[in-house]
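Colleague:
Numbering (the working numbering), first residue to last: -10 to 742.
1) Would the beta-carbon of residue 466 fall within 7 Å of that of residue 560?
2) Which residue comes first and which comes last in the alpha helix (DSSP H) that contains residue 638?
3) What are the residues that DSSP puts in a beta bridge with residue 452?
4) Should residue 376 and residue 369 be called a contact, given that it needs their Cβ atoms to be closer than 7 Å?
5) Check residue 632 in the structure and name its three-state DSSP category.
6) Pairs of beta-carbons, one from the segment 700 to 708 and one from the segment 718 to 731, closer than 8 Å: are there three or more?
7) Compute the Euclidean distance between the alpha carbons of residue 747 and residue 324, then round it to the nearest angstrom.
8) Would DSSP call residue 721 helix, strand or coil?
9) Skipping 5 residues on each side, what residues in its chain have a beta carbon closer than 8 Å to that of residue 695?
10) Quick check on DSSP: helix, strand or coil for residue 755?
11) Report back the beta-carbon spacing between residue 461 and residue 486 to the nearest angstrom; my notes put them in contact at under 8 Å.
12) Within a Cβ cutoff of 7 Å, which residues of the same chain sit near residue 125, ignoring the five residues on either side of it in sequence?
13) Going by C-alpha distance, which of 318, 164, 122, 551 is nearest residue 348?
14) Which value, in whole angstroms, describes the spacing of the CA atoms of residue 683 and residue 657?
15) Taking DSSP's pairing of strands, which residues face residue 139 in a bridge?
16) Return the CA-CA distance between residue 378 and residue 393, expressed in angstroms with no decimal places.
17) Return the chain-ordered ranges of every beta strand (DSSP E) run that is complete within the segment 301 to 346 and spans a minimum of 3 residues.
18) Take residue 249 and list the residues in its own chain whose beta-carbon comes closer than 6 Å to its own, dropping the five residues that flank it on each side.
19) I'd like to check one pair, residue 627 with residue 711: are the Cβ atoms closer than 7 Å?
20) For residue 303 and residue 316, what's the separation of their Cα atoms in angstroms?
21) What does the Cβ neighbour count give for residue 413, buried or exposed, with the cut at 16 atoms within 10 Å?
22) Closest to residue 277 by C-alpha separation, out of 260, 421, 585, 196, would be which residue?
23) Are there three or more Cβ pairs, one per stretch, closer than 8 Å when the segment 513 to 529 is compared with the segment 429 to 445?
24) With a 10 Å radius around its C-beta and 16 neighbouring C-beta atoms as the bar for buried, classify residue 818 as buried or exposed.
25) When you compare only the Cα positions, how much space is there between residue 34 and residue 118?
26) Are residue 383 and residue 355 closer than 7 Å when you measure CB to CB?
27) Starting from residue 360, trace the alpha helix (DSSP H) both ways and give me its first and last residue.
28) Mind checking whether residue 203 and residue 192 have CB atoms under 7 Å apart?
29) How many whole angstroms separate the CB atoms of residue 385 and residue 314, which I take to be in contact at a CB cut-off of 8 Å?
30) In angstroms, rounded to a whole number, what distance separates the CA positions of residue 426 and residue 480?
31) Starting from the C-beta of residue 247, find all residues in its chain whose C-beta is less than 7 Å away, skip the five residues before and the five after it, and write them out in chain order.
32) With 16 as the cutoff for other CB atoms within 10 Å, does residue 631 come out buried or exposed?
33) Compute the Euclidean distance between the alpha carbons of residue 693 and residue 552, then round it to the nearest angstrom.
34) For residue 727, which residues from the same chain have a beta carbon less than 7 Å from its beta carbon, with the 5 sequence-adjacent residues on both sides left out?
35) Is it true that the CB of residue 32 sits closer than 7 Å to the CB of residue 44?
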């Protein structure tokens, strides 16, 4: 064998032995030390000029680069170009000359073994035969050993890191377990404190209805101590027992519930209302074992609810009886947040089926009132104050109601106006009563004024004038008048009296006889056929007489016939010329009452006038026949004499009131006893007397009188008054005396003859 070959083999063997010792030195070393050791062996032991070692962690760890040898100055450029062009995965590559301006220098790039993606060894040597197969073999062995060491180091590092992480995780877990244990202990203590302090009864109940555990509140609710009730069934009212089986079935399905109301029996046998909420719980195998129940005594709430229900019932009844509804309206939205049943009824809505909006309520307000109501409400909102308003509501059937509304502002804690609350009261009946009261008061005042006009005078003409003036004022009309006679069969008619406003002068020729034409006759018949006032003009069934309406500017008229006793009927009428007046029923009633009162007054004054005429005729007859009448009141002993009686006794008429003694003084002294006896006999035994006596006048003249009297007694037979007549019979007595004298003279002359 060639000695050089032997030398080369020995050298290769030596180098291989040297490389075989390297792994032992790398045990436990970090990747940088492994890379540096490999580079040192390549340069020092294998006598290479340059070595570059790159170790890469396949798991993404840091890249380790180590360079050795004096060829560094020439290698970097080539190495950088090679690394940039080769990419992350490389194969073994032999470079005949790395260049760089030196003598030939061969190069070899060898990737580092398994799971060292991107790792490589790059060496260079200026030997002429470099790299030989032995060089490649040695370099491959070195690279593989480095890769193995690198992997071992990685595994050791990972194990240590894993052990460290495991240790840290264990420590952290122990801390967390300790903290969790403490938290559970604290939570358990807090939960027990909460359960013990809870005012709500909490109980764990098994599927067989027996108590597993309970808190003090539950003990207080049922009157049982925990040691007395644990293991026993919860005592429930009979009707409550009926839903126990469905409850268990529901809990078996994992379903809870809340809000059920039940009755529970206490230890002393009393019962109370309770609100029940349940949630299921399972045993250690996950099977339904029972439920946790929250039991709250709602007896006070039930009583409060019942009291509230009664209060709401009373309120609803009060609102219904008083026709008052309550409401609340949100200022921001303008919508009602509350509307009581009666409030809905007032506006014609069904509180059980209708859900009216604020616009629906507004639509029911009378169109003429809607704008005014809106203005008042808006003003109250701006001023942030209460408001009151009255308006009309039109119901779907056309019925109209009058509503009195009151609103009150409600403010938030920050002072913002949030809503208005208020009431709406049906004041239709009150308004109707007020209108009736005003109408009645107006009626009484009108009648009083007319009565005062009637009673103010006994003169017929003045009375009619005063009444027409009062009627003109009471009705605030433009003309008041009387027509006579109201007789369609009469030949003529006239207006005895008429009163007018200055701007509407008289329509009739007062006092002038006018012919009864067909139109007037028709009016007379219509008025006399009606038992009440007849309205002519707007909203009435009778039209105005066209010619008269045009001529005298009549726009409305009301008339009625009045029938005084002892005379033909009159027609009383009113004209309204300033506007087309619609005569209301209250006005018609007052007009009719005034007509009837005027009818009575006319009857009385006509009778009074006729009586006056009769008295004047009687007075004239008395004066001519010298007969007077008198009356004596026995209680006062006073006489009432007619004027002629005064004249018979020579006194001025109605000069003074005389007593019995005063009259006796006027009787001739010789006749006084006779007169007194005649009167006394009539008072005692008979109702009448007839006596003649002489009267002595104040001037001394003696007159003969005949007095006849009749006694009037009361129910008991006691005389109360005496009335009678007195006649001056002086002339008769003188005639009788002359006849007697003549007869005597004749008799004497006859006897003498």
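Ideal placement from N, C-alpha and C gives every residue a C-beta, glycine not left out.
Modeller: Put simply:
1) no
2) Per DSSP, residue 638 belongs to no alpha helix (DSSP H) and is neither H nor E.
3) Residue pairing by DSSP leaves residue 452 without any beta bridge partner.
4) yes
5) helix
6) no
7) The chain is shown only over -10 to 742; residue 747 falls outside these bounds and no answer can be derived.
8) helix
9) Counting only residues of its own chain and dropping the five nearest sequence neighbours on each side, residue 695 has a CB closer than 8 Å to the CB of 679, 680, 681, 715, 716, 718.
10) Nothing about residue 755 can be read from this structure; the chain reaches only from -10 to 742.
11) Not quite, the Cβ-Cβ distance comes to about 11 Å (not below 8 Å), so this is no contact.
12) Setting aside the 5 residues that flank it on each side, residue 125 is surrounded in the same chain by 97, each with a C-beta closer than 7 Å to its C-beta; the list follows chain order.
13) Ranking 318, 164, 122, 551 by Cα distance to residue 348 puts 318 first.
14) 5 Å
15) For residue 139, which the question treats as bridged, DSSP gives no partner whatsoever.
16) 6 Å
17) 313 to 319, 325 to 328
18) 265
19) Taking 7 Å as the Cβ cut-off, residue 711 and residue 627 do not qualify as a contacting pair.
20) 17 Å
21) buried
22) 196
23) no
24) Any answer about residue 818 is impossible in this case: the structure gives the chain only from -10 up to 742.
25) 18 Å
26) Yes, they are a contact pair.
27) 356 to 372 is the span of the alpha helix (DSSP H), which, as asked, contains residue 360.
28) yes
29) Incorrect: roughly 17 Å between the Cβ atoms, too far for contact.
30) 45 Å
31) Closer than 7 Å at Cβ, skipping near neighbours: 266.
32) buried
33) 50 Å
34) Within its own chain, no residue has a Cβ closer than 7 Å to the Cβ of residue 727 once the five positions on either side in sequence are excluded.
35) no
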